[in-house]
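Enquirer: Could you have a look at this structure, given as structure tokens, before my questions?
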Amino acid sequence: MSDLAAHADPLEELKQTNTGVENKKMAMWAFLASDCMFFGTLISTHLIYRKIYPTVVDPTQIFSIELTGFSSFILLMSSFLMALTVSSAHKGNLTSMRTFLLGTILFGGVFLGGQVYEFSHFVHEKGLTLSSSVFGSTFYTLTGTHGIHVALGVFWLAMWFFATLPKKFSQFTREERLPAQLITFWVALPVVMVLVYFIHHHSTAYLLIAAGWLVLFPVLMLVTTPLRGRYSHVNALDVETAGLYWHFVDIVWIIIFTAVYLVEYL
Amino acid sequence: MSKPTEHPEPSFNTHVLDEHQKYFTFFNVAMALILITAIELVIVYLPINIMIVFCALAILSMVKFLAVIWWFMHLRWDRALCTILFMIGLLVATGTVTALLFMFEVDPNGAPM
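Spelled out as structure tokens, the structure:
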């Protein structure tokens, strides 16, 4: 192979289609366009019922705008890290790509944790359930559907993270920064959970989550053995496609944050 | 063994340099998004006309939305076809939301019309 061929962008070949756009990327954009309509109906349903039954619930007495603001910040930062992941994938820098991917997954996990905490708080302390009022039904349907999208995104990105790992455990120490990355991934969640337990709320659920993750992670490493070592430079397109989905989840939250949360404070 | 070239391979430099420049673009966009979110959180508590705040929120969230799709989702660098495809879905969704909101009008007392 010549130097020219070795250094050229390997994704250029995938652009040789009738449209000039890679087929996978094209399919993802078509899916995202359809998902816009899906979320459009959910958002309009929530807004219509808020308009027809304005006095059923006072959302400002239920919402915690500080927590939601923090969640928005986390999701925006995860989107930033995802953009850097895709950039690193295109450069062929596997170490950076893994680091940014890990950050994206962790931030996605923090967002999901915040949503679980928010829902739990609403149900147990504010009495807002799926069937308590029309507001509860439309609110949980909309934000829950978004949460499922985030969870699927985290799962998808985690699969790519595991795919970038070497096939054999003996090769792990040869990779630059990989052991440190894996230890961070393993320990970060339990540390956060233990801190939350001591600082915020003495609920054993946090300690159970911490212990569960400490056990689950080695199991995940074993279960994902068939995935490991499958990533090659051409898969940068797959990471980019996953990135498009992740950014879409972020833009949906931008709309939900304004239309469902902030507008209630006016 | 191939003979070392006097000048570095041009396509390699262009490709990697483009990605390096994107890093700074992404960083600036991310900082702008944080700033806009902070502004959104503050203006809802300001004692100014509700319609002004409402319009400001709509514009700010639209700016955030467009910034993410334009830079983070690479529409700026991709072919126009991707933008057109996404905009079709977005316009149909926006039209549906607008139409539904107008269909379910309420009178000043809050009762459905």
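These protein sequence lines are chains A and B, in that order.
For the first sequence, the positions run 0 to 265 when numbering that gives the first Met the number 0 is used.
For the second sequence, the positions run 0 to 112 when numbering that gives the first Met the number 0 is used.
Virtual Cβ for every residue (Gly too), placed ideally from N, Cα, C.
Note that the structure is predicted; figures quoted are calculated from it, not measured.
1. Note down, in chain order, all residues in the region 13-41 of chain B with a beta-carbon under 7 Å from any beta-carbon belonging to chain A.
2. From which residue to which residue does the alpha helix (DSSP H) around B/T97 run?
3. Does the Cβ of A/Y260 have 16 or more other Cβ atoms within 10 Å, making it buried, or fewer, making it exposed?
4. Within the same chain, show all residues whose beta-carbon is closer than 6 Å to that of A/S1, passing over the 5 residues directly before and after it, in chain order.
5. Assign A/V85 to one of two classes, buried (16 or more other C-beta atoms within 10 Å of its C-beta) or exposed (fewer than that).
6. Hey, is B/R78's beta-carbon within less than 8 Å of any beta-carbon in chain A?
7. Can you confirm whether the region 46-62 of chain B touches the region 234-243 of chain A when touching is taken to mean that 3 or more C-beta pairs between the two stretches lie within less than 8 Å?
8. If you draw a straight line from the C-alpha of A/L46 to the C-alpha of A/A258, how long is it?
9. If I measure Cβ to Cβ from A/A5 and keep anything under 6 Å in the same chain, skipping five residues before and after, which residues do I get?
10. Could you tell me the distance, in whole angstroms, from the CA atom of A/R176 to the CA atom of A/W185?
11. Taking Cβ positions, are A/L13 and A/E21 nearer each other than 8 Å?
12. Measuring CB to CB, does A/T18 end up less than 8 Å from A/M27?
13. For the alpha helix (DSSP H) holding A/G68, just list the boundary residues, first then last.
14. In whole angstroms, give me the CA-to-CA distance for A/W155 and A/V238.
15. For a contact meaning CB atoms closer than 7 Å, what does B/I49 contact in chain A?
16. Would you report the Cα separation of A/F79 and A/K50, rounded to the nearest angstrom?
17. With A/R97 as the anchor, note down where its alpha helix (DSSP H) starts and where it stops.
18. Report yes or no: is there a C-beta of chain B within less than 8 Å of the C-beta of A/V233?
19. Since B/I87 meets chain C, which of its residues come closer than 7 Å, beta carbon to beta carbon?
20. On the three-pair Cβ rule with 8 Å, is the region 68-78 of chain A touching the region 25-40 of chain B?
Expert: Taking the geometry as given:
1. H14, V15, E18, K21, Y22, F25, A29, L32, I33, T36, E39 and L40
2. A79 to M102
3. buried
4. Confidence is the limiting factor: at A/S1 the pLDDT is only 45, short of 50, which leaves the residue's position unreliable and the question unanswerable from this model.
5. buried
6. yes
7. no
8. 8 Å
9. Because the pLDDT of A/A5 is 48, which lies under 50, any placement of that residue in the model is unreliable, and the number read from its coordinates should be weighed accordingly. Excluding residues within five positions, none has a Cβ falling inside 6 Å.
10. 14 Å
11. yes
12. no
13. I64 to K90
14. 9 Å
15. L265
16. 35 Å
17. L93 to E124
18. no
19. Absent here is chain C; the protein component of the structure consists of chains A and B.
20. yes
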